[in-house]
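Before any comments, here is the structure.
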Amino acid sequence: MAETHGIGEQVRFMGTLPSGDRVLEWLDDVDVYLQPSLQEGLPRSLVEAMSRGCPAVASTAGGIPELLDDRFLHQPNDANGLSELILTSLDGEWREKQAKRNIEVASRYTEDVLELERDKFWSAFAEHVRGVV
236 MAETHGIGEQ VRFMGTLPSG DRVLEWLDDV DVYLQPSLQE GLPRSLVEAM
286 SRGCPAVAST AGGIPELLDD RFLHQPNDAN GLSELILTSL DGEWREKQAK
336 RNIEVASRYT EDVLELERDK FWSAFAEHVR GVV
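Counting from 236, one number per residue, gives the positions in the sequence shown under the numbering used here.
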């Protein structure tokens with residue numbers, strides 16, 4: 236498809252990468268991370284990209300809006316909206332600002348932070364159940 240549209244020399248398809256360091260190395264070399272999902276939960280891949288300082292644009296599917304500013308989201312299946320966001324991402328100042336923001340947001344999803352949130356949730360739930368019984 237890339238060849239058909241005349242961009243074959245500008246696009247690389249990496250295929251499946253092994254998890255761990257190889258993915259992190261790839262993310263460190265990404266200019267902009269795209270997540271044009273049709274359905275999603277809270278995408279770990281987007282959080283990982285953000286944690287590596289990747290500026291990102293994505294669809295509004297699932298939990299993605301929890302991660303990115305609304306201005307950098309497009310509706311699922313909206314190729315025109317995605318293309319406009321890609322054009323926005325050509326601005327180096329925009330990429331730098333989003334990289335810094337994304338590192339900060341991703342820090343809220345580390346294992347230790349999430350574990351504390353889970354503990355608070357289950358403690359509150361247990362208190363509620365004890366009060367009802």
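C-beta: ideal position from N, C-alpha, C; glycine also.
**OP:** Assuming ALA296 contacts GLN274 (C-beta within less than 8 Å), just tell me the rounded distance between them.
**Re:** For the purposes of this step, residue 296 is taken as residue 61 along the sequence shown, with counting starting at 1. For the purposes of this step, residue 274 is taken as residue 39 along the sequence shown, with counting starting at 1. At roughly 6 Å, the Cβ-Cβ gap stays under 8 Å, so ALA296 and GLN274 are in contact.
Original post:
Just checking, does the stretch 318-332 make contact with the stretch 262-279 on the three C-beta pairs under 8 Å criterion?
Top reply: yes
Original post:
Does the pairing of the stretch 345-360 with the stretch 299-314 give three or more beta-carbon distances under 8 Å?
Top reply: no
**OP:** Using only alpha-carbon positions, find the residue among LEU252, VAL265, ALA341 that is nearest to LEU277.
**Re:** Start at 1 with the first residue of the sequence shown, and residue 277 comes out as number 42. The shortest C-alpha separation from LEU277 is found at ALA341.
Original post:
LEU262 and ALA291 look like a contact to me (Cβ under 8 Å); what is the Cβ gap, rounded to whole Å?
Top reply: Working through the sequence shown from its first residue, we reach residue 262 at position 27. Working through the sequence shown from its first residue, we reach residue 291 at position 56. The Cβ separation is near 11 Å, so there is no contact.
Original post:
Under the rule that 16 or more other beta-carbon atoms within 10 Å means buried, what is ASN337, buried or exposed?
Top reply: As a first step, residue 337 must be located in the sequence shown, where it is residue number 102. Per the 10 Å Cβ criterion, buried.
**OP:** For GLY288, count neighbouring C-beta atoms within 10 Å of its own C-beta (all shown protein chains included) and say buried if the count is 16 or more, exposed if not.
**Re:** Taking the first residue of the sequence shown as 1, we reach residue 288 at position 53. Label assigned to GLY288: buried.
Subject >> Distance, ARG365 Cα to PRO253 Cα >> reply: Counting from 1 along the sequence shown, the entry for residue 253 is found at position 18. Counting from 1 along the sequence shown, the entry for residue 365 is found at position 130. So the two alpha carbons sit approximately 46 Å from each other.
Original post:
What residues are listed by DSSP as bridge partners for HIS309?
Top reply: Walking along the sequence shown from the start, residue 309 turns up at place 74. HIS309 pairs with SER294.
Original post:
If we count the other Cβ atoms within 10 Å of its Cβ and call it buried at 16 or more, is VAL282 buried or exposed?
Top reply: Within the sequence shown, numbered from 1, the residue matching residue 282 stands at position 47. So VAL282 ends up on the buried side.
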